[in-house]
Every structure is written in C-alpha cells, then in structure tokens.
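What follows is a set of notes on a single structure, which appears directly below.
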Amino acid sequence: MEALDVLLNRVSVPRLLDPAPDAAQREILFSAAMRAPDHGQLRPFRFLTVEGPARERMGELLAEALRKSGADATPQALDKARLGPLRAPLVVVVIARLTDHFKVPKQEQMITAGCAAHSVLLAAYALGVGAVWRTGELSYSPIVAKGLGLAADEEVIAFLYLGTPQNPPRVAGKVDLVDFVSEWQG
Numbered sequence: 536m537e538a539l540d541v542l543l544n545r546v547s548v549p550r551l552l553d554p555a556p557d558a559a560q561r562e563i564l565f566s567a568a569m570r571a572p573d574h575g576q577l578r579p580f581r582f583l584t585v586e587g588p589a590r591e592r593m594g595e596l597l598a599e600a601l602r603k604s605g606a607d608a609t610p611q612a613l614d615k616a617r618l619g620p621l622r623a624p625l626v627v628v629v630i631a632r633l634t635d636h637f638k639v640p641k642q643e644q645m646i647t648a649g650c651a652a653h654s655v656l657l658a659a660y661a662l663g664v665g666a667v668w669r670t671g672e673l674s675y676s677p678i679v680a681k682g683l684g685l686a687a688d689e690e691v692i693a694f695l696y697l698g699t700p701q702n703p704p705r706v707a708g709k710v711d712l713v714d715f716v717s718e719w720q721g
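The opening position of the sequence shown corresponds to residue 536 in my numbering, with each subsequent residue numbered one higher.
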C-alpha cells in the first residue's frame, strides 16, 4: 500500500474478529512505532500486549477500577468494562514514560508517545489489520495503572484494539481544510 494512501485513508475499524496480527505483522507494527518523531531519541513509550485469557483479566481490572472510582457502577456499566477488552483478539496498551529531561519537556514526550501509537494504527491499516484507538476514564485510573504494573513515571495513553476487520473499512470522508488551515501574516 502506498504511504499517501495510508495517510489519507486510514479509518478506525471497531468491529474486530480473530485472528490477531501474527508475529511478522506485530514486528512491523512495533517497528513503525519506533519511527515516531522523538526529540532526544528518548523513546518515551512502551507497549503491553494483552490477548487470550489475559483480556478477561484486564476486563476484571477495568471493572474493579470502575467499582472503586466512586462513579455509578451499575451492573450494566460493570459488564461493559469487563467485556471491553474482549472486543478484539489483541489489545495493545500504549504507555507513555515521561522523564525529567533538560532539553525535552514532558509534554513533548507525551506527543511522541501519541505519535508512536498513531504509527501502529497507520501500519495496521497498511497491512489490512483492523484497528481502533480507545480510551475513556478507566484508561487513566491509578488502579488500572497499578494492575498493569506501570511505574510512577508511566501512564496509559491508549488501548489499541487490533484484529481482523469484521467488515470492510468505511471510506474516509473528505474534510474541508479551510476550517483547519489559515495563514498567519505576522
């Protein structure tokens, strides 16, 4: 697939089935992440892969975080949290590792981690792998961070759901650039 086709046509694919990306595809996905713009070459990110029965354990972790959040944890909301990771055969947890650096502010490191996640999505689209970036309040829960084994300087920024598209990807809509691009003349 041509690079510009990927950049101009990538869309989220939320309905995912088995199989998950294979080992060769995963190597491409994570190698693409390593090409994210990275001031200082800090690589301020890492990934966890969650599949098989670990997805059920992740669902229990999300339900526990919801129960302890103080939010209205209805049985339906708990079930939704519990079943979330089962919506794809592979969940990739994208983790930002933010460190104090004399030249690279943490905000810039966070952007790099986001670019790494986006690179995984672009590579998935190029390979014909379905992918969607999901977050939500539970993504940022300290209970989830602890349960996933994150260090104090780490935080979840994305759950990337990956698998085989149930349906062909939708066609990307045309966006009127005039709403987003303007000239500054000083």
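We put the beta carbon where it would ideally sit given N, CA and C, even for glycine. Quantities reported herein were computed from a predicted structural model and do not represent experimental measurements.
Measuring alpha carbon to alpha carbon, tell me which residue in the options is nearest residue i.
i	options	result
Val-679	Asp-635, Ser-654, Ile-646 and Arg-617	Arg-617
Val-710	Phe-582, Asn-544, Leu-596 and Met-536	Asn-544
Phe-694	Asp-714, Val-655 and Arg-578	Val-655
Ala-686	Arg-590, Arg-632, Met-536 and Val-716	Arg-632
Leu-673	Gly-721, Ala-567 and Ala-608	Ala-608
Glu-690	Arg-602, Ala-559 and Gly-649	Gly-649
Ala-652	Gln-642, Ala-598, Gly-665 and Val-629	Val-629
Gly-682	Met-569, Glu-537, Ser-547 and Ala-589	Ala-589
Ser-676	Ala-600, Glu-595, Ala-559 and Gly-575	Ala-600
Pro-704	His-574, Ala-559, Glu-537 and Val-546	Val-546
Please classify residue i: does DSSP put it in a helix, a strand, or coil?
i	result
Leu-647	One detail in the question is off: residue 647 reads as Thr in this sequence, not Leu. Note: Thr-647 maps to helix in three-state DSSP.
Ala-686	coil
Arg-545	coil
Phe-565	helix
Glu-586	strand
Sorted by chain position, which residues of the same chain lie with C-beta nearer than 7 Å to residue i's C-beta, five sequence neighbours on each side aside?
i	result
Arg-622	Leu-551 and Tyr-696
Gln-611	none
Lys-603	Ile-678
By Cβ distance below 8 Å, which residues in the same chain neighbour residue i in space, the five residues on each side in sequence not counted?
i	result
Pro-554	Pro-624, Gly-698 and Thr-699
Near residue i, which residues of its chain fall below 6 Å by C-beta distance, leaving aside the five closest residues on each side in sequence?
i	result
Met-593	Val-585 and Pro-620
Glu-541	Looking at the sequence itself, residue 541 is Val, so the reference to Glu does not match. Result list for Val-541: Leu-657, Tyr-660 and Ala-661, in chain order.
Asp-557	none
Just to check, is the beta-carbon of residue i closer than 8 Å to a non-hydrogen atom of the ligand FAD?
i	result
Leu-683	No copy of the ligand FAD occurs in the structure displayed, which carries no ligand at all.
Checking the sheet assignment: what are the DSSP bridge partners for residue i?
i	result
Gly-698	Gly-665
Curious, which full-length alpha helix (DSSP H) runs of at least 4 residues does the stretch 597 to 651 contain?
-> 610 to 618
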